[in-house]
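In the working numbering, the protein residues as written are 1 to 228.
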Ligand SMILES: [Zn+2]
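Below is the structure:
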């Protein structure tokens, strides 16, 4: 299949397995996409406690850490429910109470499992700085810094994530418009700038815990996240 997408950014590209796979950059008025950085490598059935999904891996050939897509059986809605979740090993896998990532992942997967939709799991750990730097930032936070100043003290951006791969994956799946499950206004704007129409934002309501109350407050007050 050759995915095509005419969204706000008005760009077209093919990404299917038989597409000519050669990385190159294309630019449009609103988007500059690294074409060919991701392609679908394999799909498999994945029954889970939160629903039955088809799991696909997207990346480069022989990629050990591909991006992952979990697709519920029915995504018939004209504008499907979509969660774009950036990897957080400590939260997603070990249920860390330093952040709300694990709860957001579980909540969105449960809703997608019931309603249909797509979860895109992007391998950009620690808001894009990687696990080692994230753990260093945790130590700085334990010394009194907040999540943003800790990242900056280590020489990183407060948020180094990119959603280009997600836009390419959505294009490959022929999904030009989404109902996006997020509390993050920057993610909505980023997707729009990449040509994906965000028809609705679906909030994820996560209760604060003593360990992550400060983290969530910085997300709300400084990063502009919509938190109840
Ligand atoms: Zn997290």
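C-beta atoms are modelled at their ideal positions from N, C-alpha and C, and glycine is treated no differently.
| Asked | Found |
| --- | --- |
| What are the boundary residues of the beta strand (DSSP E) that residue 74 is part of? | Here residue 74 belongs to no beta strand (DSSP E), and DSSP marks it neither H nor E. |
| Our contact map puts residue 116 next to residue 70 with C-beta atoms below 8 angstroms; I'd like the distance itself, whole angstroms only. | Not a contact, Cβ separation roughly 12 angstroms. |
| Have a look at the DSSP bridge pairing and note the partners of residue 39. | 59 |
| With respect to 7 angstroms, is the separation between the Cβ of residue 91 and the closest non-hydrogen atom of ligand 2 below this value? | Looking at this structure, you won't find ligand 2 anywhere; what it does contain is ligand 1. |
| At 3 residues or longer, what runs of the beta strand (DSSP E) sit wholly inside the segment 159 to 185? | 177 to 181 |
| Roughly how many whole angstroms lie between the Cα atoms of residue 209 and residue 91? | 13 angstroms |
| Excluding the 5 residues preceding and the 5 following residue 222 in the sequence, name in chain order all residues of the same chain whose CB lies nearer than 7 angstroms to its CB. | 148 |
| Classify residue 224 as helix, strand or coil using the three-state DSSP reduction. | coil |
| Is the distance from the Cβ of residue 120 to the Cβ of residue 169 below 8 angstroms? | yes |
| Tell me which residue opens and which closes the alpha helix (DSSP H) that residue 82 is part of. | Segment 81 to 86 is the beta strand (DSSP E) holding residue 82; no alpha helix (DSSP H) there. |
| For residue 72, which option in 141, 118, 59 has the closest C-alpha, if you only look at C-alpha atoms? | 118 |
| Beta strand (DSSP E) containing residue 148: first to last residue? | From DSSP, residue 148 is part of no beta strand (DSSP E) but of the alpha helix (DSSP H) over 147 to 153. |
| Hey, quick one: how far does the alpha helix (DSSP H) through residue 125 stretch, first residue to last? | 125 to 128 |
| Pairs of beta-carbons, one from the segment 141 to 161 and one from the segment 101 to 110, closer than 8 angstroms: are there three or more? | no |
| Helix, strand or coil: which one does DSSP assign to residue 52? | strand |
| At what residues does the alpha helix (DSSP H) containing residue 132 begin and finish? | 131 to 142 |
| Going by alpha carbons, who is nearest to residue 43 out of 66, 49, 51, 50? | 66 |
| Along the beta strand (DSSP E) that carries residue 105, what are the first and last residues, could you check? | That residue, residue 105, is in no beta strand (DSSP E); its alpha helix (DSSP H) goes 101 to 115. |
| Which value, in whole angstroms, describes the spacing of the CA atoms of residue 134 and residue 225? | 20 angstroms |
| Return the first residue and the last residue of the alpha helix (DSSP H) that residue 195 is part of. | Unbroken run through residue 195: none, as it is neither H nor E. |
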